[in-house]
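Participant: This is the structure I want to talk about, given as C-alpha cells.
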Amino acid sequence: MLINIQFLRMLAAMLVVFYHTSSHLQSTEADPGIFFLINDAVGFAGVDIFFVISGFIMAHTSLTASGLASGWAFLRRRIARIYSGYWPFFLLAIPLFHWVNPVLMQDMNLLKNLFLWPVFPLLIAVAWTLIFEMFFYLLFTLIISLTEHRRLVLLYSLFLAMVIWGVYSQFVRSAYAPGNLEYMSKAEYYMLSPYLLEFL
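Here you go:
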C-alpha cells in the first residue's frame, strides 16, 4: 500500500512543478499550450494531495502510539526532520536576498521565519506549506497524547467543526472569494484552514 503512497507523492510533486512552470510560462506571453493550461487550473491540487498523504502517514506510523511520552517523541522527530531540511536553505537565503532584494529584507521578521511561525512576508515563499505542517504536527502530538476514547472524540469533533466552519466561511462569509483572503487574520488562515480537513 505504501508504494501507492509514493506514487501519489510523485504525482503531487509533478502537479506542483507544472503548476509553477505554467505560471512562469504565461509571464513570457508565449502560448502555453493545452498541457500547461490544464496544469495552471488544477496543478495546485498537488499541495492538497501532499496534506492528505501527510495526515495518512502520521496516522499509519503512529497507530500504537499513545500517551504523553509517545506524543513528545513524535514531535521531536518531526521538528528535527523539518528544521534540518529547512534551516540550511533559510540561512543561505538571508545573504542572497540581502544582495538581490534588500528592500524585501527591511520588513522581514527573520525570527518568525526561522521557526516557521505564521508571518508575512516569508523569506522563502514556499515555506507556507511547512508552517501548515508544523501546525499539523502540534495538533497530532495532542491527539497522540490522549487516550483512545478521548482521541476519537477530539478527531470527530474537530472534523465536524471544520466542516461547519468551512461551509460557513465559503458560503456565508465568502472568506475565500478573490480579494477577501488577504484580509483574513494569520490565526484563521493557518488554524481554521480547509487544509486542516485534508489532514484530518
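Quick note: the sequence shown uses the numbering used here, first residue 252, plus one each step.
The C-beta atom is built at its ideal place from N, Cα and C for all residues, glycine as well.
Specify, as a first and last residue, the run of the alpha helix (DSSP H) that arginine 328 falls within.
Facilitator: Its alpha helix (DSSP H) spans residues 319-351.
Participant: If we require 4 or more residues per run, which alpha helix (DSSP H) segments fall completely within the segment 255-314?
Facilitator: 284-293, 296-312
Participant: Using 8 Å for Cβ pairs, my map puts methionine 435 next to alanine 426. What's the rounded Cβ distance?
Facilitator: 6 Å
Participant: If we count the other Cβ atoms within 10 Å of its Cβ and call it buried at 16 or more, is leucine 361 buried or exposed?
Facilitator: exposed
Participant: Less than 7 Å between C-beta atoms, sequence neighbours within five positions excluded: which residues of the same chain meet that for phenylalanine 386?
Facilitator: Tyr441, Met442
Participant: Give me the Cα-Cα distance between threonine 380 and phenylalanine 302, rounded to the nearest whole angstrom.
Facilitator: 9 Å
Participant: How many Å lie between alanine 320 and serine 396 at the Cα?
Facilitator: 8 Å
Participant: Going by C-alpha distance, which of Gln421, Leu314, Leu367 is nearest isoleucine 333?
Facilitator: Selection Gln421, Leu314, Leu367 evaluated against isoleucine 333 yields Leu367 as nearest (Cα-Cα).
Participant: Just the Cα atoms here: how many angstroms apart are isoleucine 415 and alanine 263?
Facilitator: 27 Å
Participant: Check for me: the alpha helix (DSSP H) holding asparagine 360 runs from which residue to which?
Facilitator: That residue, asparagine 360, is in no alpha helix (DSSP H); it is neither H nor E in DSSP.
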